[in-house]
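Written out below as structure tokens is the structure these notes cover.
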Amino acid sequence: MTIEDVQNHPDSRNMPINKVGIKDIRHPFVFVDRDGHQRATVGTFNMSVNLPHHQKGTHMSRFVALLNEDCQQLSIKGFNALLEKMTHTLEAETGYLTTEFLYFVNKSAPITGVKSLLDYQIKLDGHWSKSDQKIKITVVIPVTSLCPCSKKISEYGAHNQRSHITVTAEIGDNICAEDIIQLVEKQASSELFSLLKRPDEKYVTELAYDNPKFVEDVVRDIASVLNDDQRILAYTLEAENFESIHNHSAYAVIENNKLT
């Protein structure tokens with residue numbers, strides 16, 4: 032028995048669709064960075080393609096089949112290959128793909144060397160056509176910031192807080208998530224660790240005290256290293272300090288498109 036393929040019927044409304052596909056589908060995979068480090072995670076995917084005016088519908092099941100067949104491992108370079116294959120599989124001219132997931136880095140405490148996993152939020156966002164390919168990565172990096180003003184005016188210490196640095200960058204495929212993480216953490220008052228022994232806690236507390244930064248200092252220092260990195264083509268950089276002595280955050284943004 033032949034089962035009719037309704038999606039392939041012509042459509043007479045003469046109206047193309049910019050994006051059609053599936054949203055918020057969760058799928059497990061192993062994320063592989065440039066150095067071959069592998070981290071098991073679960074991603075939330077959005078997958079879509081353009082639909083020409085004469086075609087009634089797209090083949091939704093092909094998106095899911097593609098994840099199951101071709102997304103056991105994923106890297107930044109592999110993400111672009113998956114995006115291209117999706118566009119061809121759906122017989123489209125332009126494809127759009129995003130995934131958001133947690134990426135865990137096994138970090139060593141600064142003095143004792145005790146290891147623990149710290150999580151970072153990552154988003155990969157890309158589109159592909161024969162004439163234009165673009166990938167953006169967003170990384171949310173938690174750090175410590177210590178207030179220079181508080182240090183200056185207080186006799187007994189200075190208030191500090193956890194901060195989120197969010198970098199959204201248009202990139203080539205020769206940079207990995209850990210590169211961006213390390214660039215950012217080096218510019219903070221101190222980086223974070225999931226597990227610290229007493230000697231480690233003493234070290235990071237004193238490090239932050241010796242390296243105070245306003246939210247303005249943080250974004251300017253990070254922007255400086257992003258500007259010098261040729262692998263980053265454009266970026267939006269956000270810093271949010273979750274203030275410990277206020278019920279609000281301090282916030283700053285710098286944007287730079289090196290392609291213009």
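Following the numbering used here, the numbering of the sequence shown begins with 32 at its first residue and continues without gaps. All C-beta atoms, glycine included, are put in the ideal place defined by N, C-alpha and C.
**Item:** Enclosing beta strand (DSSP E) for K54 [first to last residue]
**Value:** I48 to V63
**Asked** What is the DSSP secondary structure of I34, reduced to helix, strand or coil?
**Response** coil
**Asked** Around the Cβ of Q164, are there at least 16 other Cβ atoms within 10 angstroms (buried) or fewer (exposed)?
**Response** exposed
**Message:** Please tell me whether R193 and T175 are closer than 9 angstroms, where the distance is taken between their beta carbons.
**Reply:** yes
**Item:** Buried versus exposed, by CB contacts within 10 Å (16 or more), A208
**Value:** buried
**Prompt:** When the Cα of T236 is compared with those of I206, D55 and K182, which residue comes out closest?
**Reply:** K182
**Message:** Please report the distance separating the alpha-carbon of F224 from that of K161.
**Reply:** 43 angstroms
**Asked** DSSP state of D101, grouped into three classes?
**Response** helix
**Item:** Nonlocal neighbours in the same chain, by C-beta distance under 7 angstroms from E274, ignoring five residues either side
**Value:** Q192, S280 and A281
**Ranges of the alpha helix (DSSP H) found wholly within the region 179-246, counting only runs of at least 4** = 179-184, 208-216 and 229-241
**Prompt:** Is the beta carbon of L257 sitting closer than 9 angstroms to the one on V198?
**Reply:** yes
**Asked** In this structure, does DSSP put L128 in helix, strand or coil?
**Response** strand
**Asked** If you draw a straight line from the C-alpha of S147 to the C-alpha of F110, how long is it?
**Response** 28 angstroms
**Opening and closing residue of the alpha helix (DSSP H) in which G109 lies** = I107 to T120
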